[in-house]
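Colleague:
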Amino acid sequence: MKSFRMTRYTGQIARLVAKKKEQVLEKQRKLGKADEDDYGYVLPPEDFMTHFHFPEVDENGSFHGVRAWAKNFRALMEAHPVYVDADDALAGRWMFMMSRMRAGYQLALAPFPADYSFLHRDQERYDLTHGIGKDAHFAPDYRIGLALGWGGLTDKVRKSLKRLAKDEEAAELLQAELDVLAGIRNWIHRTALAAEGEVRRINLKLETEAPETLQEACQWIAWFNMASRTYNRDGAGGQLDEILRPYYERDIAAGRIDDEDAVYFIACLLLNDPHYYQIGGPDREGNDQTSRISYLILEAAHLLKISCNLTIRVHDRMEEGLFRRGVEILLEDRLGYPRFSGDNALIRGYMRNGYSAEQARERIALGCNWMSIPGREYTLNDVVKINLMKVFEVAFNEMAESGQCSLETLHSGFRKHLAKAALCIAKGLDFHLAHQYENEPELLLNLLCHGPIEKGRDASHGGVEFYNMACDGAGIAVVADSFAAIQTQVVERRRISWKECIDAVRSDFRNANGERIRLLLASSPRYGHGGTCADEWAVTLMRDFVESFPNRHHTPEGRLIIPGLFSWADSLRFGKTVGATPNGRHAGEPSSHGANPCPNFRRDGAVTAIVKAVASLQCGYGNTSPLQLELNDSFLNGENTVDRLMALFRVHFQLGGTLINVNIVHAETLRAAQKNPELYPDLIVRVTGFTAYFIMLSPEFREFVCQRILKEEQYA
Amino acid sequence: MDGIITEIQHASIHDGPGIRSVVFLKGCQMHCFWCHNPEAIRKEIQIWFQEKKCLHCGACFSVCSLHQLSEREHRIDRERCTGCGRCADRCFSGALTLCGKNFSVEMAVEDLMQDELFYQASGGGITLSGGEPGMQPEFAEGILRQCRARGIHTALETNLAYPESIRKVLCAEADLVMADLKQMDPGKHREGTGCGNRQILENLRRLDRPLILRTPLIPGFNDDTESIRRIAEFAASLKPLLYYELLTYHPLGCGKAVHLGMKSRCAPLPEIPEEKISELTESAAAVGIPLYRNGKEWRI
């Protein structure tokens, strides 16, 4: 692509980015920590909540069910403060997250109106993140809304309501959707009136009509994103280049805009919210769909240099130039974007579930680690997890108490308990799908899915075409290293006895000789080194995990479960519930990160070793085991860095890798920011699948991220 | 054929093109006072002791009388140590490990081939370094030959301070030679490295493989424009020269010397000021040959 240089909008962009920094600092001052994505929201006026009240709440101050969500959302929309900025091509910012405004809300435990206490025992025993009551985490098809506009969507709902008036569930849902749409249109209308010029004209039009130009399409997407965020934090994006391409090409052909205008509009969309957008990759037929606008999206992010979640889809027939430009920007900006998905393995894996190549190619990486077919597939990605360390702990303690100690006993115990944990997860997923509709219907995502409006059924309740429930394993490296340590030091070298090992682990290595034993165990082979028993254990455990789900990966009600390995930001939480482990890890220390090896996994920390290790732990059914790569100057100095990094990524994908997240951080900057985070309001790190402002992380989380990055980078 | 290797380092980017694996062979005929790989000077296997990790538990004392605890200091009689490794085998904490390991050519090649895909994807390959590969010529030649036969790009980092017969054998199997030339003045060269430079210069003149000539900038030894200019001029006369590279001194060898009990090598040399380094770089650049500094092309 011919190179791009912005000349006209640099002032607007600079002022918008400066204001964004102020807003991040303000959020940090008012709210403190937020161990998650930036999301793009801004703070509401301080007195807003003193005069706003949800109209429908139960006696506990919470709310659930279709009607309450719709009425409350509409009320919030109709009262939502307006936000316009003369420098911004798009109007609006969001300020509230309804799902978190329910009384009793906790991130890990959403209030749920149905009783699932029959699952509690195993959920607690294995520290399961069961996902019951969790929302969003599947993807909309923006094209539905862009084609119809808010007015067209309203007409579509009305027609369905007329047709399904006698279907009680459908009538209730569709009536609720009308409330939702009315609320959004009210917000748009009021915002339009506060704006001036072109932004005012566009928004008055978009209140009803479908977008026709690139600026209008970006504004429409921003409105959906903001409304959906306000409803329940939904953050899935879409194949942004293909979504915007028709508008861009029409505008260019008509001479309405040039590339600088396009980049400015897209930058404003990316600034509005760091949704997960994809560019490049194969179309349904397998042809590469990279176009001029794919590059312009990259350039828009490059211009902004803020928290951003762009993914470049890498596949056999991809356009080399887009891949290269992505790596160049990753290296130049050092902000953790773009990331790269390995579509060959993802497509191949998904097809193993019985889907066609065309369907598999439509499934894209739309969240931290998740995959979903936009608008067609309900997945509950990233909110269902098994803490493998906890399962191991249960098996280890059971073996210790039985007195029958052997590696085989421990492994068979692990598999037995893993199967119980997986069955509990599977039952929980069925329970969720049966009752989530009564709890929290997906009133926003329904609008941009194929089915819910047509059938009058919520996406969580039969509305969409496919139900492929995600479940991730966490902490696999700790468990693999634990098996390897026992095999090496207790069984093969006989340096310590089973009793010494058990006593030391159960005392958190605080008994007599505990520290000696801990160091001995910690010096054993580690997963990631390559060719060791720990690497073999990791692959064995990954297979155990994949095979642990009942009925060939189906819930009792027949829903498919697709396994992956990912811990998101839960590495800290998972570690807290697990005592010491035989790899020398102390009680309460974090779990290993996703499918990554434990930090310090080999003396030279060769980046090629981690690339191969994570590629060997792909579950193989179309969900991801992301590679989290921390790189520093020692790997990046010298000539031809872009080529080297591209080679590294290519080999990972060639070996079956599915998703690569990269941090390129200057160690000294990170150390300084750790001491004085407020001096670095624009330092962005890739936490996992998402990037975040360093300052917005809790001190504990900052420490965790620093430890991970600094420990790994010193060897890279 | 067997040899002794201190380490095989994967994912290197500083030892030739692309992503590479580097084999550090143990043993060197030079004894440069600034050496940044002191663990590779002696050819024998040595004990590597990280005192910070030592628990003073005494597990090593029970198998070897050369270890003693004196005033809470763990002492090793390195003069008598044969590197048998029994102490390392007993050590709980990893404070005691062995520096150096016996490898057959096949073992080394198998290890190197683990990263074959990365070599292919990046235009990389393998590099023999050290120590001095020329100190184990048959072993080194075996690795180079077997890798080359598999289509892997081979590079040799060498000081070329050995007879022509060894140079011919080794360089025949190397796609790229990265040779050090530290001084043109033979007296100074001998003073700083323990070896003269006649053989090195002769080997360089006769070399017929693509060459990168390198000079480490060492304070008090060659950090004067005259020394660097003379080397650069000599480099300009070498037909196979790809470029000449200056490498600034780094004190990483000092930390390693502590673990090896090499007391005379533990103190870092003073840093050469940046202005001085620029001056030296300019004096090389003035000769008009392609010039690199620390892995990056030098452009005026």
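Residue numbers (our numbering), protein chains in the order written: chain R, 1 to 716; chain V, 1001 to 1300. A virtual CB, placed ideally from N, CA and C, is assigned to each residue, including glycine. Here the structure is a predicted model, which is why all the values come from computation and not from measurement.
1) Which bits of chain V does GLY638(R) rub up against, with CB to CB less than 7 Å?
2) Residue range of the alpha helix (DSSP H) that LYS1168(V) falls in?
3) Compile a chain-ordered list of the residues in the stretch 1109-1124 of chain V whose CB is closer than 8 Å to at least one CB of chain R.
4) Would you call the stretch 560-570 of chain R in contact with the stretch 365-382 of chain R, where contact means no fewer than 3 C-beta pairs closer than 8 Å?
5) Report the partner residues of TRP1048(V) according to the DSSP bridge assignment.
6) Once the 5 residues before and after VAL491(R) are set aside, which same chain residues still bring their CB inside 6 Å of it?
7) What would DSSP say about THR658(R), mapped onto helix, strand or coil?
8) Nearest-angstrom Cα distance between SER402(R) and ASP1089(V)?
9) With a cut-off of 8 Å, do at least 3 Cβ pairs link the stretch 264-281 of chain R to the stretch 302-314 of chain R?
10) Whose CA, out of GLU515(R), GLY575(R), LYS390(R), lies closest to the CA of LYS1053(V)?
11) Between the Cα of ILE453(R) and those of GLY326(R), ASP234(R), LEU173(R), spot the shortest distance and give me the residue it belongs to.
12) Going by DSSP, name the residue or residues bridged to LYS1296(V).
13) Closest to HIS64(R) by CA distance: which of ARG143(R), ALA176(R), LEU16(R) is it?
14) Counting Cβ pairs, one atom from each stretch, are 3 or more of them under 8 Å apart for the stretch 192-205 of chain R and the stretch 230-244 of chain R?
15) Could you tell me whether any Cβ in chain V is nearer than 8 Å to the Cβ of GLN714(R)?
16) Give the DSSP-derived three-state secondary structure of MET1001(V) in the structure shown.
17) Are there 16 or more other CB atoms within 10 angstroms of the CB of ALA421(R), so buried, or fewer, so exposed?
18) Do we get a CB-CB distance below 8 Å when we pair VAL505(R) with the residues of chain V?
19) Tell me which same chain residues have a C-beta within less than 8 Å of the C-beta of ARG1198(V), skipping the five on either side of it?
20) Give me the Cβ distance between MET389(R) and PHE574(R), rounded to the nearest whole Å; I'm assuming they're in contact under 8 Å.
21) Please name the residues in the stretch 1085-1102 of chain V whose beta-carbon is closer than 8 Å to at least one beta-carbon of chain R, in chain order.
22) With DSSP collapsed to three states, give me the class of PHE52(R).
23) Output the distance between the C-alpha atoms of ALA136(R) and GLY367(R), rounded to the nearest integer angstrom.
24) Just the Cα atoms here: how many angstroms apart are ILE1289(V) and ILE1272(V)?
25) Counting C-beta neighbours from all protein chains within 10 Å, is the total for GLU168(R) 16 or more, i.e. buried, or is it exposed?
26) For SER548(R) and SER372(R), what's the separation of their Cα atoms in angstroms?
27) Taking the alpha-carbon positions, what's the ALA254(R) to LEU214(R) distance?
28) Check distances from the C-beta atoms of the stretch 1062-1073 of chain V to those of chain R and list, in chain order, the residues that come in under 8 Å.
29) Is the beta carbon of PHE340(R) closer than 8 Å to that of GLY349(R)?
30) Quick one: grab the DSSP three-state call for THR213(R).
31) Looking at the strands, I want to know which residues DSSP matches up with CYS471(R).
32) Give every residue of the same chain whose Cβ lies closer than 6 Å to the Cβ of CYS449(R), excluding the five residues on either side of it in the sequence, and list them in chain order.
33) At the level of alpha carbons, what is the spacing between ASN1294(V) and LEU1112(V)?
34) Tell me whether HIS189(R) sits in a helix, a strand or coil according to DSSP, three-state version.
35) Does ILE1152(V) get closer than 8 Å to chain R when you measure Cβ to Cβ?
36) Fully enclosed by the stretch 371-437 of chain R, which alpha helix (DSSP H) runs are 4 residues long or longer?
Modeller: In terms of the structure at hand:
1) What GLY638(R) touches in chain V: ILE1013, HIS1014, GLY1295, LYS1296.
2) Looking at the DSSP string, the run of the alpha helix (DSSP H) that includes LYS1168(V) is 1164-1172.
3) If you check each beta-carbon in the stretch 1109-1124 of chain V against every beta-carbon of chain R, the ones closer than 8 Å belong to GLN1114, ASP1115, LEU1117, PHE1118, ALA1121, SER1122, GLY1123, GLY1124.
4) Touching, yes.
5) In the DSSP output, where bridge partners are listed per residue, TRP1048(V) has THR1097(V).
6) Close CB contacts of VAL491(R) within its chain, under the 6 Å cut and outside five residues either way in sequence, are with LEU407 (chain order).
7) Looking at THR658(R) - three-state DSSP - the assignment turns out to be coil, as it is neither helix nor strand.
8) Each residue's Cα considered, the two are about 32 Å apart.
9) Yes, the stretch 264-281 of chain R touches the stretch 302-314 of chain R.
10) Looking from the CA of LYS1053(V), the closest CA among GLU515(R), GLY575(R), LYS390(R) belongs to GLU515(R).
11) For ILE453(R), the nearest C-alpha among the options comes from LEU173(R).
12) Partner(s): ARG1293(V).
13) Per the Cα distances, ALA176(R).
14) Touching, no.
15) Residue confidence for GLN714(R) is low, a pLDDT of 36 falling below 50, so the modelled location carries little weight and cannot support an answer.
16) Three-state DSSP puts MET1001(V) in coil, outside helix and strand.
17) Classification of ALA421(R): buried, given that the 10 Å Cβ count is 16 or more.
18) No, VAL505(R) does not count as interfacial toward chain V.
19) These residues qualify, in order along the chain: PRO1186.
20) Their Cβ separation, rounded to whole angstroms, is 6 Å, which keeps MET389(R) and PHE574(R) in contact under 8 Å.
21) Legend: CB atoms of the stretch 1085-1102 of chain V lying less than 8 Å from CB atoms of chain R belong to residues PHE1092, SER1093, GLY1094.
22) Reduced to three states, the DSSP call for PHE52(R) is coil.
23) So the two alpha carbons sit approximately 11 Å from each other.
24) Cα to Cα, ILE1289(V) sits roughly 23 Å from ILE1272(V).
25) Exposed, because fewer than 16 other Cβ atoms sit within 10 Å of the Cβ of GLU168(R).
26) About 23 Å.
27) So the alpha carbons of these two residues sit roughly 12 Å apart.
28) For the stretch 1062-1073 of chain V, which is checked against every Cβ of chain R, not one residue is closer than 8 Å.
29) Using a Cβ distance threshold of 8 Å, GLY349(R) and PHE340(R) do not count as a contacting pair.
30) In this structure, THR213(R) counts as coil in the three-state DSSP scheme.
31) DSSP lists PRO563(R) as partners of CYS471(R).
32) Excluding sequence neighbours, CYS449(R) sits near GLY375, ALA459, VAL464.
33) If I take the Cα positions, the gap works out to 25 Å.
34) In the structure shown, HIS189(R) sits in a helix (DSSP, three-state: H, G or I).
35) It does not: the Cβ of ILE1152(V) has no partner Cβ on chain R nearer than 8 Å.
36) List check, alpha helix (DSSP H) in window: 388-402.
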